[in-house]
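Number of protein chains: 2
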Amino acid sequence: MTSPSVPPDHPRAESLRVREKLIERYHEGVVASAGLIAHGRGEAFDYLMGEKTTGPALRAIEAAAAAIITAKKPVISVNGNVVALAAEDVVKLSQVTGARIEVNLYYRSLERERAIKKILERAGASEVLGVGKDASARIPELGSERRRVDPHGILVADVVLVPLEDGDRTEALVKMGKRVIAVDLNPLSRTARKASITIVDNIIRATPKLTKTAGILRKQGRKNPADILRNFDNKKNLAESFALIHRRLLKLAKEKKHSTLEDEKLDL
Amino acid sequence: MTSPSVPPDHPRAESLRVREKLIERYHEGVVASAGLIAHGRGEAFDYLMGEKTTGPALRAIEAAAAAIITAKKPVISVNGNVVALAAEDVVKLSQVTGARIEVNLYYRSLERERAIKKILERAGASEVLGVGKDASARIPELGSERRRVDPHGILVADVVLVPLEDGDRTEALVKMGKRVIAVDLNPLSRTARKASITIVDNIIRATPKLTKTAGILRKQGRKNPADILRNFDNKKNLAESFALIHRRLLKLAKEKKHSTLEDEKLDL
Chain U
0 MTSPSVPPDH PRAESLRVRE KLIERYHEGV VASAGLIAHG RGEAFDYLMG
50 EKTTGPALRA IEAAAAAIIT AKKPVISVNG NVVALAAEDV VKLSQVTGAR
100 IEVNLYYRSL ERERAIKKIL ERAGASEVLG VGKDASARIP ELGSERRRVD
150 PHGILVADVV LVPLEDGDRT EALVKMGKRV IAVDLNPLSR TARKASITIV
200 DNIIRATPKL TKTAGILRKQ GRKNPADILR NFDNKKNLAE SFALIHRRLL
250 KLAKEKKHST LEDEKLDL
Chain V
0 MTSPSVPPDH PRAESLRVRE KLIERYHEGV VASAGLIAHG RGEAFDYLMG
50 EKTTGPALRA IEAAAAAIIT AKKPVISVNG NVVALAAEDV VKLSQVTGAR
100 IEVNLYYRSL ERERAIKKIL ERAGASEVLG VGKDASARIP ELGSERRRVD
150 PHGILVADVV LVPLEDGDRT EALVKMGKRV IAVDLNPLSR TARKASITIV
200 DNIIRATPKL TKTAGILRKQ GRKNPADILR NFDNKKNLAE SFALIHRRLL
250 KLAKEKKHST LEDEKLDL
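As you go down the protein sequences, you meet chains U and V in turn.
Per numbering that gives the first Met the number 0, residue 0 is the first one in the first sequence, and the count goes up by one each step.
Per numbering that gives the first Met the number 0, residue 0 is the first one in the second sequence, and the count goes up by one each step.
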């Protein structure tokens with residue numbers, strides 16, 4: 000059932016390598032089965048976005064960087080897909096910004112929590128919150144195990160970065176008064192609309208850019224983080240991403256270009 | 000790692016049930032891990048299509064039904080995702096049209112072939128081609144195990160229904176002079192463009208409609224299958240599906256309606 004290695008000249012080599020990594024992490028118990036399906040949805044929207052960081056995404060990344068570096072207690076919430084796709088990048092972001100890392104899963108199991116923690120530690124994390132008994136606090140308005148958070152992490156955070164999150168949790172965190180930064184390739188999703196700042200981009204591309212931008216803003220360059228945040232309008236930014244998809248569809252239709260989404264060697 | 004049962008009042012209950020079925024079949028060794036990711040891509044496009052059988056899809060279904068009932072040797076090619084999503088429907092289509100069923104996998108393994116055959120037999124199939132040594136023939140222009148087909152099935156078929164197929168194989172079959180019918184939710188995909196007739200619809204909705212339409216056409220109603228086929232233009236039909244996605248995006252943007260793609264309880 001394992002995939003053969005990807006031929007380097009394959010037109011979708013990068014996308015296939017990412018997919019193989021995700022499947023590998025699935026077999027290690029890090030990624031959940033529904034996480035594989037969610038990745039496929041992301042792939043489709045990424046293709047429609049042109050598989051690159053767009054102008055609106057760069058502006059959202061700048062706002063997110065401003066929010067994180069001016070936060071008192073920023074936290075990066077990670078799940079199986081996040082560590083499978085961007086463990087090293089998340090650790091670097093944490094190191095540059097001082098944001099703490101917390102494991103936060105939809106379906107919690109101690110095995111998965113520990114497997115995710117291990118990957119983060121291997122990637123250089125010196126601290127991982129939210130594992131096992133550490134997730135002893137509860138956030139309101141969410142059912143069962145999803146409510147569990149770390150009393151030293153998400154519970155008391157003022158800014159939470161929730162890449163690849165679900166709409167309910169995003170909304171619950173916003174209602175708690177937190178500034179929530181989402182990374183979501185679907186600009187129409189409820190997560191995208193409920194978040195304070197939505198980065199419509201692939202987490203693999205967005206996270207290193209976020210780290211770099213945070214570093215630049217920290218050095219107090221020309222731009223003031225407070226100004227950036229004041230001038231950022233998430234609804235407007237989402238509408239711009241949406242307009243880009245729309246224009247890209249028109250362009251694809253004109254070119255009669257084939258989507259290469261189905262070119263990949265699908266294991267069907 | 001198994002998903003909890005879906006609450007019946009969940010706004011995405013149907014989509015979640017389908018997903019759970021797919022994951023169940025994955026754990027049985029029927030669906031491949033890359034098949035889960037492929038399903039996610041399909042979900043995204045299905046959402047963009049409005050999750051219903053569109054006018055263009057109905058016309059493609061009619062053309063497909065005409066092609067199958069006038070074929071000398073029609074074959075339905077099935078893989079893990081197809082049996083997970085529509086085993087009973089595929090068997091009914093086979094029974095109504097006389098099309099033979101052949102297992103055809105990207106990554107062949109005898110275990111998967113047998114697991115798929117078993118599900119088809121449980122769904123009422125009296126014959127399943129292409130399992131084990133039966134897949135002794137080769138089709139040109141494809142690498143390795145993907146080339147293997149049944150000499151009594153796809154090799155000699157004049158019409159092949161290939162739901163959820165990859166672009167390479169679709170193209171190879173077309174080059175062999177076969178009329179290829181694809182079911183693909185992405186109207187821009189290479190599969191969609193290479194096939195003779197492309198049904199841009201969810202296999203779950205399309206297959207029973209295809210069976211029903213084949214039954215009606217067989218009874219020699221008002222419409223002549225040859226006329227239907229002559230009047231069907233796949234490129235034009237794909238362009239119509241594409242235009243529908245485009246209009247739906249505009250409508251969603253106007254309504255500022257949230258995509259519910261991310262509303263599902265994602266196991267991340």
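We put the beta carbon where it would ideally sit given N, CA and C, even for glycine.
Can you give the Cα-Cα distance for residue i and residue j, rounded to whole angstroms?
i, j, result
"V:Asp183", "V:Ala156", "21 angstroms"
"V:Glu170", "U:Gly152", "53 angstroms"
"V:Leu27", "U:Arg147", "Checking the sequence shown, residue 27 of chain V turns out to be Glu, not Leu. Roughly 31 angstroms separates the two Cα atoms."
"V:Val95", "V:Gly214", "7 angstroms"
"V:Val82", "V:Arg18", "13 angstroms"
"V:Ala134", "V:Gly39", "29 angstroms"
"V:Ala12", "U:Pro73", "35 angstroms"
"V:Ile202", "V:Leu160", "11 angstroms"
"V:Val158", "V:Met175", "11 angstroms"
"U:Lys116", "V:Lys250", "43 angstroms"
"U:Leu172", "U:Asn185", "20 angstroms"
"V:Leu92", "V:Lys211", "8 angstroms"
"V:Lys253", "U:Ala242", "11 angstroms"
"V:Ala191", "V:Asp167", "11 angstroms"
"V:Lys208", "V:Phe44", "20 angstroms"
"U:Asp200", "V:Ser195", "35 angstroms"
"U:Leu216", "U:Arg189", "29 angstroms"
"V:Gly49", "V:Leu237", "16 angstroms"
"U:Lys234", "V:Glu42", "25 angstroms"
Below 8 angstroms on C-beta distance, what does residue i contact in chain V?
i, result
"U:His38", "Ile36, Gly39"
"U:His151", "Under the 8 angstroms cutoff, chain V gives no residues; its nearest Cβ is about 22 angstroms from U:His151."
"U:Ile44", "In the sequence under discussion, the amino acid at residue 44 of chain U is Phe, which differs from the Ile named in the question. In chain order: Ala43."
Give me the chain U residues within the contact set of residue i, using Cβ-Cβ distance strictly less than 7 angstroms, ordered along the chain.
i, result
"V:Arg18", "Ala33, Ile36"
"V:Ile100", "Within chain U, no residue comes near V:Ile100; the closest Cβ sits about 16 angstroms away, beyond 7 angstroms."
Using the beta-carbon of each residue, which ones in chain V are nearer than 9 angstroms to residue i?
i, result
"U:Phe241", "Leu248, Leu251, Ala252"
May I ask you to list the residues that DSSP assigns as paired with residue i?
i, result
"U:Leu160", "U:Ile75, U:Ile180"
"V:Val148", "V:Ala136"
"U:Ile198", "U:Val182"
"U:Glu126", "Bridge partners of U:Glu126: none, in fact."
"V:Arg99", "V:Val74"
Taking all protein chains shown into account, do 16 or more other C-beta atoms lie within 10 angstroms of the C-beta of residue i, making it buried, or fewer, making it exposed?
i, result
"U:Arg121", "exposed"
"V:Glu126", "exposed"
"V:Gly123", "exposed"
"U:Arg99", "buried"
"V:Asp232", "exposed"
"V:Ala37", "buried"
"V:Asn223", "exposed"
"V:Gly131", "exposed"
"U:Glu101", "buried"
"U:Arg246", "exposed"
"U:Asp226", "exposed"
"U:Asn230", "exposed"
"V:Pro139", "exposed"
"V:Arg137", "exposed"
"U:Lys177", "buried"
"V:Gly97", "exposed"
"U:Lys193", "buried"
Along chain U, in chain order, which residues have C-beta atoms closer than 8 angstroms to that of residue i?
i, result
"V:Ile180", "Within 8 angstroms Cβ-Cβ: nothing; V:Ile180 doesn't reach chain U, min ~15 angstroms."
Name the chain U residues that come within less than 9 angstroms of residue i, Cβ to Cβ?
i, result
"V:Ile244", "Leu248"
"V:Ile215", "Those do not exist, as V:Ile215 stays about 30 angstroms from chain U at its closest Cβ, beyond 9 angstroms."
Please list, in chain order, the chain V residues whose beta carbon lies closer than 7 angstroms to that of residue i.
i, result
"U:Ile138", "Simply none; closest approach about 16 angstroms."
Report task. Could you tell me whether the segment 111 to 119 of chain V touches the segment 51 to 64 of chain V, where touching means 3 or more Cβ pairs closer than 8 angstroms? Result -> no
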